[in-house]
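Scroll down for the structure; my scribbles are underneath it.
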Amino acid sequence: AQSVAQPEDQVNVAEGNPLTVKCTYSVSGNPYLFWYVQYPNRGLQFLLKYITGDNLVKGSYGFEAEFNKSQTSFHLKKPSALVSDSALYFCAVRGLEGNTPLVFGKGTRLSVIA
Amino acid sequence: DVKVTQSSRYLVKRTGEKVFLECVQDMDHENMFWYRQDPGLGLRLIYFSYDVKMKEKGDIPEGYSVSREKKERFSLILESASTNQTSMYLCASSLFGQGRQNTEAFFGQGTRLTVV
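Order-wise, the sequence lines are chains A and B. Position one of the first sequence corresponds to residue -8 (the working numbering), numbered consecutively onward. Position one of the second sequence corresponds to residue 23 (the working numbering), numbered consecutively onward.
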């Protein structure tokens, strides 16, 4: 069975500081990994994904994520946080085989303080 | 751009009513999904469909059914709404097929349903 853990319900960071939102996963074999962002009363917007190749993936709005196979992690990062980055962030995983839906973590609320 | 459109942003229904949530996508995606989002629980899959008239149960199908008569449209039905079905409902779509497992899902804006 596939699963995702986001260990932090809430992350607070000062504007201009680097941010990290953590994600670990469990899947049989190699994974496809995704990050989504949700602003208040909106649907989820795709940020970035890891398929294969480089462990550092770059995505929208200056976000990037680092895939670490040995630690089964896919942490979301940004070098300099903006107040407008404040939102709910979801990590998701899918296995390589079959037509399985994305499995999501419980989400991490990021607050960037001016 | 992919567009996934949910018919209502906000709905208020009474206990026992039959409720229809509609979702339409315009990118010819094979897969369509219904998720439910609750605080602290993340997104939980209710049903998904990989083709017209085909459906698969997700993690929490009880109290729900779905209909997919056309490729672009996927409906979620609450047979008899209850207060514990008050939630945010999210529809999504994605490609299906060999070599397409790496594609992301695209989401609608969500329907916030309140059952009173």
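Glycine is no exception: its CB is placed at the ideal position from the N, C-alpha and C atoms.
- request: Please check the pair R85 of chain A and Y27 of chain A, which I expect to be a contact at CB under 8 Å, by giving their CB distance rounded to whole angstroms.
  value: The pair is not a contact, with the Cβ atoms about 13 Å apart (cut-off 8 Å).
query: For the candidate residues B:Y72, B:L67, B:G85, B:E52, whose alpha-carbon lies nearest to that of A103 of chain B?
result: Of B:Y72, B:L67, B:G85, B:E52, the residue nearest in Cα terms is B:G85.
task: Kindly give me the distance between the Cβ atoms of Y80 of chain A and T63 of chain A, rounded to whole angstroms, as I take these residues to be in contact under 8 Å.
output: Your pair Y80 of chain A and T63 of chain A does not check out as a contact, with CB atoms roughly 18 Å apart and the cut at 8 Å.
task: Kindly indicate if chain A contains any beta-carbon less than 8 Å away from that of F96 of chain B.
output: no
field: Within chain A, the residues that Q131 of chain B reaches when beta carbons sit closer than 7 Å
entry: R33, G34
- request: Please check the pair K35 of chain B and V41 of chain B, which I expect to be a contact at CB under 8 Å, by giving their CB distance rounded to whole angstroms.
  value: 5 Å
- request: Flag this pair as touching only if the region 0 to 13 of chain A and the region 65 to 80 of chain A have three or more C-beta atom pairs under 8 Å; answer yes or no.
  value: yes
- request: Indicate whether at least one CB of chain A lies closer than 8 Å to the CB of G85 of chain B.
  value: no
task: Name the two residues that bound the continuous beta strand (DSSP E) containing Y30 of chain A.
output: Where Y30 of chain A is concerned, there is no enclosing beta strand (DSSP E), given that its DSSP letter is neither H nor E.
query: Thinking C-beta only, is V18 of chain A closer than 8 Å to G96 of chain A?
result: no
- request: Kindly list the residues whose CB is nearer than 6 Å to the CB of K40 of chain A, restricted to its own chain and excluding five residues on each side of it in sequence; keep chain order.
  value: The beta carbon of K40 of chain A lies closer than 6 Å to those of F25 in the same chain, with the five residues before and after it left out.
Per DSSP, the bridge partner or partners of F5 of chain B: For chain B, the structure presents residues 23 to 138; residue 5 of chain B sits outside this window and is missing.
task: Mind checking which residues open and close the beta strand (DSSP E) that includes K30 of chain B?
output: The question names Lys, yet the displayed sequence has Ser at residue 30 of chain B. Premise fails: S30 of chain B is in no beta strand (DSSP E) and is neither H nor E.
- prompt: Which two residues bound the contiguous beta strand (DSSP E) that contains R36 of chain B?
  reply: Per DSSP, R36 of chain B belongs to no beta strand (DSSP E) and is neither H nor E.
query: Would you say A127 of chain B faces chain A, with C-beta separation under 8 Å as the test?
result: Chain A places a beta carbon closer than 8 Å to that of A127 of chain B, counting this residue as a contact.
field: E55 of chain A to E39 of chain B span [Cα, whole Å]
entry: 45 Å
query: With a cut-off of 8 Å, does the C-beta of N3 of chain A fall near any C-beta of chain B?
result: no
field: Min CB distance L112 of chain B to chain E below 8 Å
entry: Of the protein chains in the structure, A and B, none is chain E.
message: Taking beta-carbon pairs under 7 Å, can you tell me which members of the region 47 to 77 of chain A lie near chain B?
response: none
- request: Let me know if E101 of chain B comes out buried or exposed under the rule of 16 or more other beta-carbons within 10 Å of its beta-carbon.
  value: exposed
Amino acids of chain B, ordered along the chain, whose beta-carbon sits closer than 7 Å to that of G98 of chain A: Neighbours of G98 of chain A on chain B, chain order: G64.
field: Spatial neighbours of N21 of chain A in its chain, beta-carbon cut-off 6 Å, leaving aside the 5 residues before and after
entry: L87
message: Suppose contacts are defined by Cβ-Cβ distances below 8 Å. Is D50 of chain B in contact with K93 of chain B by that definition?
response: yes
query: How close, in whole Å, do the beta carbons of T105 of chain B and S30 of chain B come, if the pair is a contact with beta carbons under 8 Å?
result: Not really, about 19 Å apart at Cβ, beyond 8 Å.
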